[in-house]
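Asker:
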Amino acid sequence: MDTTLRTEITVADICDGFVYNQLEGKGLYGLGGKLTIQPEYQRNYIYADGGGKKEAAVIHSLLKGYPLGLIYFNKVAEDQFEVLDGQQRITSIGRFVTNKFAIMDDGNPKNFDSLPADQKAKILESKLLIYECEGTETEIKQWFETINIAGIPLNSQELLNAIYSGPFVTLAKAEFSNSQNANIQKWSAYIKGSANRQDFLERALDWVSKGDIGGYMSSHRTENNINELKTYFNTVIDWVSSVFRDVEKDMKGLEWGRLYEQYHSKSYDPAKVSAEVQRLYSDPYVNKHRGIFEYILGGLHDSKLLDVRVFIEATKKSVYAKQTKAAEANSESNCPLCAVGHASNKSRIWKFAEMDADHVSAWSKGGGSSAKNCQMLCVTHNRAKGNR
Ligand SMILES: [Zn+2]
-12 MDTTLRTEIT
-2 VADICDGFVY
8 NQLEGKGLYG
18 LGGKLTIQPE
28 YQRNYIYADG
38 GGKKEAAVIH
48 SLLKGYPLGL
58 IYFNKVAEDQ
68 FEVLDGQQRI
78 TSIGRFVTNK
88 FAIMDDGNPK
98 NFDSLPADQK
108 AKILESKLLI
118 YECEGTETEI
128 KQWFETINIA
138 GIPLNSQELL
148 NAIYSGPFVT
158 LAKAEFSNSQ
168 NANIQKWSAY
178 IKGSANRQDF
188 LERALDWVSK
198 GDIGGYMSSH
208 RTENNINELK
218 TYFNTVIDWV
228 SSVFRDVEKD
238 MKGLEWGRLY
248 EQYHSKSYDP
258 AKVSAEVQRL
268 YSDPYVNKHR
278 GIFEYILGGL
288 HDSKLLDVRV
298 FIEATKKSVY
308 AKQTKAAEAN
318 SESNCPLCAV
328 GHASNKSRIW
338 KFAEMDADHV
348 SAWSKGGGSS
358 AKNCQMLCVT
368 HNRAKGNR
């Protein structure tokens, strides 16, 4: 049995000669009569059920440029096809283009003819991903059962590779999707996933395109080199491995492209960085080891990245009790900052729930999270003191 991936067929092609049979509830033909959309054995059209949400979703997907997923054709004779899978999506498109239903746009129903010209064109020019399968009925049936059981759907990068197939993707895959590439081990220290499932390619594209993978692939589709992609990727990897001499398992999967853009112009002393990494790893108050690297790159300011462990409830309660008892004896507020203020809260006794724990000596300056470094402040004063 042969399968051929077709990526050039547009909605306009599919809808050429589209016929919908109202009585039977079926989309009948497309592709200028070459395509039988719903052969007898297929179930009827169901996407109009339940208020038509599903058929409208198909059209909104096209308008937003989202992929509709794979469609399978069975090649039954030369230039004659039947839809094996995708008849609901195709029928939705055909019905919309022939004004059989409307979609909601800013609260107004719009059928195809009442859409602006650019939206009509966007729909008609949308390309579909179609597998043509050719073989005996038994082969096709078996194969189809297998893919449905195995059921490993294409992931987003695999889909993009299919959509933007061409010389650029071929070269990019040879570099980043080749599990025999000797660099994979090095890359794996910083990037999660596998070559086979396109995870390295996806990261490389993500970094160089600053997140616009589809746009980048589209504009480089016909190029015969991947120099920019490869150079940028290696620059990021080399930068990470020169700043951080030790490889820690928490480095895997961090947003290295973003971090490179943000920090590569600063200079770091790798020996000092290494000592800082080790110090933070051994600090029992640091909960989030993944945040250590950005914390260091940013100059040790943003301790939120580390999720520094806060005081446990028992510590807070005992400090609250002690502070409140002493405050009541002196007729002053149990918030030490309120007590020295001039406002009406000078002698206010706050409830436990109205206060928060504060590090007397800031964690970033070596203060721990034990009772002797804990004071309770009213919520307002605690917030004013900020996260240090
Ligand atoms: Zn206060």
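In terms of this note's numbering, the sequence shown is residues -12 to 375. Just so it is clear, CB atoms sit at the ideal spot from N, CA and C, and this is done for glycine as well. As the structure is a computational prediction, the values presented were derived from the model and not from experiment.
(1) When the Cα of residue 359 is compared with those of 80, 347, 352, which residue comes out closest?
(2) For residue 66 and residue 114, which I take to be in contact (beta-carbon distance under 8 Å), what is that distance rounded to the nearest angstrom?
(3) Buried or exposed for residue 207, going by 16 or more other Cβ atoms inside 10 Å?
(4) Would you decide whether residue 238 is buried or exposed? Buried here means 16 or more other CB atoms lie within 10 Å of its CB.
(5) Given a cut-off of 7 Å, decide if residue 174 and residue 187 are closer than it, judged by their beta-carbon atoms.
(6) For residue 345, which residues does DSSP report across the bridge?
(7) When burial is assigned at 16 or more other CB atoms within 10 Å of the CB, is residue -11 buried or exposed?
(8) Hey, how far is the Cα of residue 377 from the Cα of residue 339?
(9) Enumerate in chain order the residues of its own chain whose CB-to-CB distance from residue 248 is below 8 Å, with the five nearest sequence positions on each side excluded.
(10) Between residue 368 and ligand 1, is there a pair consisting of the residue's CB and a ligand heavy atom that are separated by less than 6 Å?
(11) Could you check whether the segment 282 to 290 touches the segment 253 to 264, counting it as contact only if at least three pairs of C-beta atoms, one from each stretch, sit closer than 8 Å?
(12) My output table needs one value for residue 138: the three-state DSSP class, helix, strand or coil.
(13) If you draw a straight line from the alpha carbon of residue 0 to that of residue 55, how long is it in whole angstroms?
(14) Can you give me the C-alpha to C-alpha distance between residue 72 and residue 222, rounded to a whole angstrom?
(15) Extract the residue ranges of the alpha helix (DSSP H) inside the segment 251 to 307, only unbroken runs of 4 or more that lie entirely within it.
(16) Taking the DSSP output, what are the residues bridged to residue 209?
(17) Hey, quick one: how far does the beta strand (DSSP E) through residue 62 stretch, first residue to last?
(18) Taking 6 Å as the line, does the beta carbon of residue 361 fall inside it for any heavy atom of ligand 1?
(19) Do residue 273 and residue 267 come within 7 Å of each other at the CB atom, strictly closer than that value?
(20) With a threshold of 6 Å, establish whether the CB of residue 267 neighbours any heavy atom of ligand 1.
(21) Per DSSP, what kind of secondary structure is residue 238 in: helix, strand or coil?
(22) Return yes when the Cβ of residue 240 is within less than 7 Å of the Cβ of residue 179, no when it is not.
(23) Between residue 42 and residue 99, which are expected to be in contact by the criterion C-beta below 8 Å, what is the C-beta distance as a whole number of angstroms?
(24) DSSP three-state call for residue 315: helix, strand or coil?
(25) In chain order, what residues of the same chain have a beta carbon less than 8 Å from the beta carbon of residue 382, not counting five sequence neighbours either side?
(26) Tell me the DSSP secondary structure of residue 120 in three-state form.
(27) Whole angstroms is fine: what's the gap from residue 53's alpha carbon to residue 226's?
(28) Could you name the residues of the same chain whose beta carbon sits closer than 7 Å to that of residue 366, not counting the 5 residues immediately before and after it, in chain order?
(29) Residue 58 and residue 17 look like a contact to me (Cβ under 8 Å); what is the Cβ gap, rounded to whole Å?
(30) Is residue 146 a contact residue of ligand 1, with contact defined as CB to any heavy atom under 6 Å?
Answerer: Reading it off the structure:
(1) Your numbering for residue 359 matches position 372 in the sequence shown. Of 80, 347, 352, the residue nearest in Cα terms is 347.
(2) The count along the sequence shown starts at 1 and reaches residue 66 at position 79. The count along the sequence shown starts at 1 and reaches residue 114 at position 127. Incorrect: roughly 20 Å between the Cβ atoms, too far for contact.
(3) Position 220 of the sequence shown holds residue 207. Answer is buried; the Cβ neighbour count reaches 16.
(4) Start at 1 with the first residue of the sequence shown, and residue 238 comes out as number 251. It is buried - the Cβ of residue 238 has at least 16 other Cβ atoms within 10 Å.
(5) Numbered from 1 along the sequence shown, position 200 holds the residue referred to as residue 187. Numbered from 1 along the sequence shown, position 187 holds the residue referred to as residue 174. Cβ distance < 7 Å, so residue 187 and residue 174 count as in contact.
(6) Here residue 345 refers to the residue found at position 358 of the sequence shown. Answer by DSSP bridge pairing, in chain order: 362.
(7) For the purposes of this step, residue -11 is identified with residue 2 of the sequence shown, where counting begins at 1. Exposed, since its Cβ has fewer than 16 Cβ neighbours within 10 Å.
(8) Here the chain covers residues -12 to 375 and nothing more, so residue 377 does not appear.
(9) In the sequence shown, residue 248 corresponds to position 261, counting from 1. The answer, listed in chain order, is 197.
(10) Mapped onto the sequence shown, residue 368 falls at position 381. Yes, Cβ of residue 368 sits closer than 6 Å to a heavy atom of ligand 1.
(11) At 8 Å Cβ cutoff, the stretches touch.
(12) The count along the sequence shown starts at 1 and reaches residue 138 at position 151. Reliability of the predicted coordinates at residue 138 is poor, the pLDDT of 48 falling under 50, and no value is obtained from them.
(13) In the sequence shown, the residue the question calls residue 0 occupies position 13. In the sequence shown, the residue the question calls residue 55 occupies position 68. When rounded, the distance between both Cα atoms is 16 Å.
(14) Stepping through the sequence shown from its first residue, residue 72 is reached at position 85. Stepping through the sequence shown from its first residue, residue 222 is reached at position 235. Cα to Cα, the separation comes out at about 44 Å.
(15) The segment 251 to 307 contains these whole alpha helix (DSSP H) runs: 257 to 268, 279 to 284.
(16) Here residue 209 is taken as the residue at index 222 of the sequence shown, counted from 1. Paired residues: none, contrary to the question.
(17) As a first step, residue 62 is located in the sequence shown; it is residue number 75 there, counting from the start. It spans 57 to 64 - the beta strand (DSSP E) in which residue 62 sits, taken as one unbroken run.
(18) Working through the sequence shown from its first residue, we reach residue 361 at position 374. Outside the cutoff, so no.
(19) Along the sequence shown, one-based indexing puts residue 267 at 280. Along the sequence shown, one-based indexing puts residue 273 at 286. Cβ distance < 7 Å, so residue 267 and residue 273 count as in contact.
(20) Walking along the sequence shown from the start, residue 267 turns up at place 280. Incorrect: residue 267 has no Cβ contact closer than 6 Å to ligand 1.
(21) Counted from its first residue, the sequence shown places residue 238 at position 251. Residue state, collapsed to three classes: helix.
(22) For the purposes of this step, residue 179 is identified with residue 192 of the sequence shown, where counting begins at 1. For the purposes of this step, residue 240 is identified with residue 253 of the sequence shown, where counting begins at 1. Taking a C-beta distance under 7 Å as the contact criterion, residue 179 and residue 240 qualify as a contact pair.
(23) Numbered from its first residue, the sequence shown carries residue 42 at position 55. Numbered from its first residue, the sequence shown carries residue 99 at position 112. With a Cβ gap of about 12 Å, residue 42 and residue 99 do not count as contacting.
(24) Position 328 of the sequence shown, counted from the start, is the residue given in the question as residue 315. It is helical.
(25) The displayed coordinates of the chain run from -12 to 375. Any statement about residue 382 would go beyond what the structure contains.
(26) Position 133 of the sequence shown, counting from 1, holds the residue named residue 120. DSSP places residue 120 in strand when its eight states are reduced to three.
(27) Here residue 53 corresponds to residue number 66 of the sequence shown, with the count starting at 1. Here residue 226 corresponds to residue number 239 of the sequence shown, with the count starting at 1. A direct Cα-to-Cα measurement between residue 53 and residue 226 gives close to 35 Å.
(28) Your numbering for residue 366 matches position 379 in the sequence shown. If we look at residue 366 and ignore the five residues flanking it on each side, its Cβ neighbours are 341, 342, 343.
(29) Here residue 58 is taken as the residue at index 71 of the sequence shown, counted from 1. Here residue 17 is taken as the residue at index 30 of the sequence shown, counted from 1. Residue 58 to residue 17, Cβ: 11 Å. No contact.
(30) One-based indexing of the sequence shown puts residue 146 at position 159. For ligand 1, not one heavy atom lies less than 6 Å from the Cβ of residue 146.
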